[in-house]
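2 protein chains.
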Amino acid sequence: MDHSKRTSDLVEFFKVLGEPNRLRIVGLLAQRAYTVEQLGAALGVGVSTVSHHLTRLAGAGLVSARSESYYNLYSLKTSALSDMAKTLLAQAQPVRPESEQELSDYDRKVLATFTTSDGRIKTFPMQERKFRVLLRHILPSFSHGVRYTEKRVNEILSKYNDDTARLRRWLVDFGYMAREGGGGKYWRVDEREASAG
Amino acid sequence: MDHSKRTSDLVEFFKVLGEPNRLRIVGLLAQRAYTVEQLGAALGVGVSTVSHHLTRLAGAGLVSARSESYYNLYSLKTSALSDMAKTLLAQAQPVRPESEQELSDYDRKVLATFTTSDGRIKTFPMQERKFRVLLRHILPSFSHGVRYTEKRVNEILSKYNDDTARLRRWLVDFGYMAREGGGGKYWRVDEREASAG
DNA sequence: CGACTATTTCTATAAGTATCGAAATACTTC
DNA sequence: GAAGTATTTCGATACTTATAGAAATAGTCG
């Protein structure tokens with residue numbers, strides 16, 4: 003079973019459920035199968051409207067129909083709902099900052115040595131190359147084009163190590179962040195400039 | 003934490019996510035915080051449009067904002083997504099037929115004695131009163147106003163007991179279902195008529 | 001306080017769609 | 001095959017809303 007979906011499918015799924023009568027239909031079909039006329043009576047709308055809604059629900063894979071004598075009996079495909087729940091839960095776990103995915107073996111090894119499992123920095127390596135790995139590990143917590151107050155910078159850095167003052171100065175010294183003379187504002191420096199520093 | 007929601011809140015939640023650019027915003031904010039201008043550049047739309055979308059996302063409890071120097075930094079409230087996932091999973095389990103909720107202590111005791119935990123009928127009681135409890139236990143599987151073929155009736159009854167032929171005749175004899183003379187079609191009888199039978 | 005910046009609010013427009021009633025279709029029954 | 005039933009499709013209308021641009025607001029910096 004594949005829980006991944008194209009973005010357009012996701013949009014369609016939400017759009018289909020984002021209409022009061024369709025959501026009521028889903029609620030009714032969760033209990034038992036209904037005919038089009040029964041649904042119309044329950045909702046207080048015409049059968050053509052119900053038919054329209056059922057078409058959209060079926061298009062999103064939320065309902066299925068079977069024929070029974072005169073009638074078409076519609077029922078809920080509960081698997082569609084549970085699949086979507088799993089997709090939502092996956093989204094709910096924020097992507098681990100850019101790192102992780104594209105890290106070299108070397109970087110991964112350095113991080114394993116000098117950080118805890120939750121990403122905090124245990125000790126600072128002496129070698130500059132390893133040191134920069136740690137600084138780049140921190141960097142994704144800052145957005146490009148945003149001017150941070152010193153207070154806010156410290157708040158963010160405190161997630162990684164208690165010595166926020168030294169971390170802050172190092173980020174500037176190694177060219178990853180810049181500091182404004184007067185106002186005490188900081189911002190993230192463009193990648194190329196930083197690696198040149 | 004309360005995972006229940008009013009229906010109108012649910013509709014709003016889905017409606018908010020059922021728009022391509024808003025869903026893209028959620029995807030971006032799942033990775034890090036963004037300013038309004040950054041989002042506008044990423045999506046290729048004007049800032050006023052982004053602001054509008056963020057207002058709706060915030061209204062559904064999906065994003066929060068904090069002020070930083072010039073900027074408002076928006077971030078995703080992942081708890082909203084996981085709460086919704088739980089709500090969806092709850093819906094995915096079909097409600098146990100009308101029973102359960104409104105059963106008398108007597109009915110519950112009878113069902114406990116003569117049915118298995120998954121609702122199948124183990125043996126048939128001799129007393130008519132208890133017997134009717136079992137038949138009413140089956141009844142919610144049939145919709146009002148629908149004419150079922152005998153084949154379909156047997157399919158449904160087979161969920162409760164292998165002796166579908168006897169079950170089917172009993173339902174008719176006790177006045178819960180009616181049978182058409184010629185075509186062999188069955189339908190559920192109105193409650194009041196049935197209890198009079 | 002005055003200059004400047006990001007964001008929000010306002011206004012108007014265009015696109016999408018929920019709804020109904022009528023006509024067309026599909027299927028059952030006799 | 002003809003009559004009857006449920007459902008779908010079609011056509012028209014009303015309502016919602018995504019969008020951009022301009023004006024108003026809120027905040028920062030010097």
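Sequences listed follow chains P and H, in order. Quick note on numbering: the first sequence equals residues 3 to 199 in my numbering. Quick note on numbering: the second sequence equals residues 3 to 199 in my numbering. Ideal Cβ placement from N, Cα and C applies to all residues, glycine included. Remember, it's a predicted structure, so these values are computed and weren't measured experimentally.
Contacts that residue i makes with chain P (C-beta to C-beta distance below 9 Å)
{"i": "T37(H)", "result": "S145, G147 and V148"}
{"i": "L75(H)", "result": "S145 and V148"}
Cross-chain neighbours of residue i in chain H, by beta carbon under 9 Å
{"i": "R170(P)", "result": "What R170(P) touches in chain H: nothing, since even the nearest Cβ is about 16 Å away."}
{"i": "T9(P)", "result": "P22, L25, R26 and G29"}
{"i": "P142(P)", "result": "Q33 and R34"}
Same chain, Cβ closer than 6 Å to residue i, neighbours up to 5 away in sequence not counted
{"i": "L144(H)", "result": "Inspection of the sequence shows that residue 144(H) is occupied by Phe rather than by Leu. Cβ within range, chain order: R190."}
{"i": "P22(H)", "result": "none"}
{"i": "I158(P)", "result": "S143"}
{"i": "A229(P)", "result": "Here chain P has residues from 3 to 199 only, and residue 229(P) is not among them."}
{"i": "P99(H)", "result": "The predicted position of P99(H) is uncertain, since its pLDDT is 48 and thus under 50; a value taken from the coordinates is nonetheless stated next. Around P99(H): P142."}
{"i": "K132(P)", "result": "V112"}
{"i": "Y188(P)", "result": "Y150, V155, M179 and R181"}
{"i": "E130(P)", "result": "none"}
Own chain residues within Cβ distance below 7 Å of residue i, not counting five before or after
{"i": "M86(P)", "result": "F15"}
{"i": "H146(H)", "result": "R190"}
{"i": "S101(P)", "result": "Caution applies to S101(P), whose pLDDT of 43 falls short of 50 and renders its modelled position unreliable; the value that the coordinates give is listed next. Closer than 7 Å at the Cβ level, and outside the excluded window around S101(P), lie H139 and P142."}
{"i": "T9(P)", "result": "none"}
{"i": "R26(P)", "result": "L45"}
{"i": "D192(H)", "result": "none"}
{"i": "L41(H)", "result": "I27, L30 and V52"}
{"i": "H55(P)", "result": "N23, R24 and I27"}
{"i": "R122(P)", "result": "Y162 and N163"}
{"i": "V65(H)", "result": "L31, L56, L59, Y76, S77, L78 and K79"}
{"i": "S160(P)", "result": "T166"}
{"i": "S69(H)", "result": "none"}
{"i": "W172(P)", "result": "L137"}
Beta-carbon separation (whole angstroms), residue i vs residue j, contact threshold 8 Å
{"i": "P90(H)", "j": "L83(P)", "result": "Checking the sequence shown, residue 90(H) turns out to be Leu, not Pro. Confirmed, about 5 Å."}
{"i": "K79(P)", "j": "G63(P)", "result": "6 Å"}
{"i": "K111(P)", "j": "T118(P)", "result": "Wrong, their Cβ atoms sit about 15 Å apart, outside the cutoff."}
{"i": "S71(H)", "j": "R181(P)", "result": "At roughly 13 Å, the Cβ-Cβ gap does not stay under 8 Å, so S71(H) and R181(P) are not in contact."}
{"i": "V38(P)", "j": "V47(P)", "result": "Going by Cβ atoms, the distance from V38(P) to V47(P) rounds to 11 Å, so no, they are not a contact pair."}
{"i": "A35(H)", "j": "Y76(H)", "result": "6 Å"}
Buried/exposed call for residue i, threshold 16 Cβ in 10 Å
{"i": "A114(P)", "result": "exposed"}
{"i": "M128(H)", "result": "exposed"}
{"i": "D11(H)", "result": "exposed"}
{"i": "G199(H)", "result": "For G199(H), the pLDDT reaches just 41, beneath the cut-off of 50, and the residue's location in the model is therefore unreliable, leaving the point undetermined."}
{"i": "K17(P)", "result": "buried"}
{"i": "G20(H)", "result": "buried"}
{"i": "D107(P)", "result": "exposed"}
{"i": "D164(P)", "result": "exposed"}
{"i": "D109(H)", "result": "buried"}
{"i": "S197(P)", "result": "In this prediction, S197(P) scores a pLDDT of 49, lower than 50, which makes its location untrustworthy; the coordinate-derived value is nonetheless stated afterwards. With fewer than 16 Cβ atoms within 10 Å of its Cβ, S197(P) is classed as exposed."}
Cut-off 8 Å between Cβ atoms - residues of its own chain near residue i, not counting five sequence neighbours on either side
{"i": "R134(P)", "result": "F176"}
{"i": "N156(H)", "result": "T166, A167 and R170"}
{"i": "G186(H)", "result": "T151 and E152"}
{"i": "L136(P)", "result": "V112, L113, F116, T117, I123, F126 and P127"}
Under 8 Å from the C-beta of residue i: neighbouring residues of chain H
{"i": "S71(P)", "result": "V148, R149, Y150, T151 and K187"}
{"i": "V52(P)", "result": "By Cβ distance, chain H contributes nothing, its closest Cβ being about 15 Å from V52(P), past 8 Å."}
Under 8 Å by beta carbon: chain P residues contacting residue i
{"i": "K17(H)", "result": "F16, K17, G20 and E21"}
{"i": "Q40(H)", "result": "S145, H146 and G147"}
Within chain P, the residues that residue i reaches when beta carbons sit closer than 7 Å
{"i": "M86(H)", "result": "L90"}
Cross-chain neighbours of residue i in chain H, by beta carbon under 7 Å
{"i": "L12(P)", "result": "L25"}
{"i": "R154(P)", "result": "E70"}
{"i": "L159(P)", "result": "Under the 7 Å cutoff, chain H gives no residues; its nearest Cβ is about 15 Å from L159(P)."}
{"i": "L83(P)", "result": "L90, Q93 and A94"}
* Counting pairs of Cβ atoms below 8 Å between the stretch 156 to 176 of chain P and the stretch 23 to 36 of chain H, do you hit three or more? -> No: the two stretches stay apart, fewer than three of their Cβ pairs being nearer than 8 Å.
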